[in-house]
Amino acid sequence: MRAVRTVRIGVLGGGTVAAPVVGLLRERAEDLAVQAGARLEVVHVAVADVAKPRPPEVPAALVTGDAAAVVVDPGVDVVVELIGGVDVAGPLVRAALEAGKPVVTANKALLASPEGAELRSLARSHGVDLLYEAAVAGAIPLVRALRQSLTGERIVRVMGIVNGTTNYLLTKMDEQDAPYVAVLAEAQRLGLAERDPTADVAGQDAAAKAAILAGVAFGYDVSVDQVDCEGITAIEQPDVAFARRTGHVVKLLAIVERVGEGSVSVRVHPTLVPRDHPLAGVRDAFNAVFVEGEAAGELMLYGQGAGGLPTASAVVGDVIDAARNLLAGTTAPAPERRPVRIEPPSSLCSRYYVRLDVEDRPGVLGAVATVFGSHGVSISSMEQETPERLADEEGAAGRDASGLARLLFVTHEAATGDVAATLADLDAIPAVVRVANALRILPWERR
Ligand SMILES: NC(=O)c1ccc[n+]([C@@H]2O[C@H](COP(=O)([O-])OP(=O)(O)OC[C@H]3O[C@@H](n4cnc5c(N)ncnc54)[C@H](OP(=O)(O)O)[C@@H]3O)[C@@H](O)[C@H]2O)c1
């Protein structure tokens, strides 16, 4: 009979994701041993505060306060990093890789930081796995799908709803016709938004995931500071209402797109998505990633993008892969990253929706149209809303809109740089009281 080996696992962190990881590894030990070809035994759970009460799935006997000792312990075969952030987790992951131990992590901040590239090359040079399925879109098997199932595919574009909090907020603004501040307060009450929601609503969390996706889909090292990022804080009810009226829905998209050979665009911005696009139907805190490949065409992966247990499922999948590879003396495919040129956002083209509050008097529309024309931005349609409606809505937002009119434009396709110059010039016209918003419109033809 074949001897049953044991792969010993050191878990760093005992929080939201780590606790269910430890729980799954222990409760499903028999099944997982069959999958992995070895018993997976959690031997340490390193935490910051050993005195803190832990859920029952984390036995006190496993808890230690010395994460640095865990990563170099010869009695640990695989390290699972679930602390998060860069400053503490970075040196621990580095030490584990240098000690020749495979690392599984869900840490998007670390992987998308400039240090992420160093850690990937460290893993390669030491011939060990650095696996991170859970770092993008939680339970959705995206990294493995791109890296293995679609490895022969020439990916053209990957577009994702990869932040559950913002998708929940935008869904409620659309379905309940409720203002941003009200839906944010409700999401915070339900635990779906952090008390300080900045990383989510400013788009930084999605930007880190976009950077990681650029690496997985295109093989380029991109860090979060190279991602052109715009969040959802400027979205107001009139934008959501315009989207609904014109057959769109506002979504925060993370987009990585091949622009030319060796050149990609990596960006995060709110977008008007046509209602019949598959991403438009992704509601509440769900995530989805829409992949376009030259041969495979379009496909979409959908599921729970966060939460302790769904994320733990992806972590455990990686632990099994790491254990299998360890036993086979191999590593998961992680092709050498290539140098990349990040396409400047100003050169990309899109149709735009633009909302302006202007003085309600003759001549203003002509002046506004002249500014669009002076930058070669062609107007496809224009609506003017009644001053009464504007006064009601702006009044609710605490702004006096008496004597104002609201203009809503849709442009033909225009370079982002030309649109930005148009908006800057519009802002300088005294009769334009507010350039309220400008959002890209996703091109889409249902096939
Ligand atoms: N939560 C999600 O839904 C989700 C989804 C996808 C990815 N992720 C990623 O998963 C990772 C973990 O997130 P989480 O939500 O589980 O975080 P969390 O609940 O805040 O847990 C973090 C854990 O790290 C421990 N820790 C902090 N400093 C430490 C140190 N110096 N040494 C040892 N342990 C230390 C904490 O210990 P104490 O318990 O003693 O404070 C805590 O148990 C992050 O990278 C996050 O981005 C999370």
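Once you know that position 416 of the sequence shown is 547 in the numbering used here, the rest is easy, because the numbers rise by one and skip nothing. From the three backbone atoms N, C-alpha and C, an ideal C-beta is built for every residue, glycine too. Predicted model only: the values in this text are computed from it and were never measured.
Next item on the list: Return the chain-ordered ranges of every beta strand (DSSP E) run that is complete within the stretch 483 to 561 and spans a minimum of 3 residues.
Entry: 510 to 516 and 535 to 542
Notebook entry, point to check: In the stretch 157 to 243, which residue ranges form an unbroken beta strand (DSSP E) of at least 3 residues, counting only runs that do not cross its ends?
Noted result: 170 to 177, 209 to 212 and 234 to 236
Check: Does DSSP classify residue 132 as helix, strand or coil?
Finding: The pLDDT assigned to residue 132 is 41, lower than 50, so where the model puts this residue is not dependable; a value taken from the coordinates is nonetheless given after this. Coil, per DSSP.
Margin query: Does residue 335 pass the burial test, meaning 16 or more other C-beta atoms within 10 Å, or should it be called exposed?
Written below: buried
Notebook entry, point to check: Considering only the beta carbon of each residue, do residue 346 and residue 355 sit closer than 8 Å?
Noted result: no
Note to self: Taking the straight line between their C-alpha atoms, what separation do you get for residue 302 and residue 407?
What the structure shows: 16 Å
Check: Who are the near neighbours of residue 428 in its chain, counting only those whose CB is closer than 6 Å to its CB and skipping five residues on each side?
Finding: none
Note to self: Less than 6 Å between C-beta atoms, sequence neighbours within five positions excluded: which residues of the same chain meet that for residue 132?
What the structure shows: Confidence in residue 132 is poor, its pLDDT being 41 and thus under 50, which makes the residue's placement unreliable; the coordinate value appears in the next sentence. None.
Check: By how many angstroms is the C-alpha of residue 495 removed from the C-alpha of residue 505?
Finding: 15 Å
Notebook entry, point to check: In its own chain, which residues sit with a C-beta less than 7 Å from the C-beta of residue 258, not counting the 5 before and 5 after it?
Noted result: 462
Next item on the list: Tell me residue 257's beta-bridge partners as DSSP assigns them.
Entry: DSSP output for residue 257 lists no bridge partner at all.
Notebook entry, point to check: Short check: CB of residue 557 to CB of residue 403, under 8 Å?
Noted result: no
Next item on the list: For residue 517, count neighbouring C-beta atoms within 10 Å of its own C-beta (all shown protein chains included) and say buried if the count is 16 or more, exposed if not.
Entry: exposed
Item checked: Pick from 286, 560, 569 and 527 that is closest to residue 547, judged by C-alpha positions -> 569
Next item on the list: Answer yes if the stretch 510 to 524 comes into contact with the stretch 537 to 546, meaning at least three C-beta pairs across the two stretches below 8 Å, and no otherwise.
Entry: yes
Checklist line | Member of 382, 405, 304 and 331 whose CA lies at the smallest distance from the CA of residue 638 | finding: Residue 638 cannot be examined here, being either before or after the span of the chain that is shown, 132 to 578.
Margin query: Short of 8 Å in beta carbon distance, which residues of its chain neighbour residue 502, apart from the five on each side in sequence? Order them along the chain.
Written below: 553, 556, 557 and 560
Checklist line | Beta carbon proximity, residue 321 to chain D, threshold 8 Å | finding: Judged by its chain identifiers, the structure shown contains no chain D, having just a single protein chain.
Note to self: Can you tell me whether residue 263 is helix, strand or coil according to DSSP?
What the structure shows: coil
Checklist line | beta strand (DSSP E) segments (min. 3 residues) lying fully within the stretch 373 to 449 | finding: 379 to 391, 394 to 405, 417 to 424 and 428 to 435
Note to self: Please report the distance separating the alpha-carbon of residue 493 from that of residue 535.
What the structure shows: 12 Å
Next item on the list: Following the continuous alpha helix (DSSP H) through residue 347, name the residue where it begins and the one where it ends.
Entry: 335 to 349
Next item on the list: Could you check how far apart the C-beta atoms of residue 212 and residue 234 are, in whole angstroms? I think they sit under 8 Å.
Entry: 6 Å
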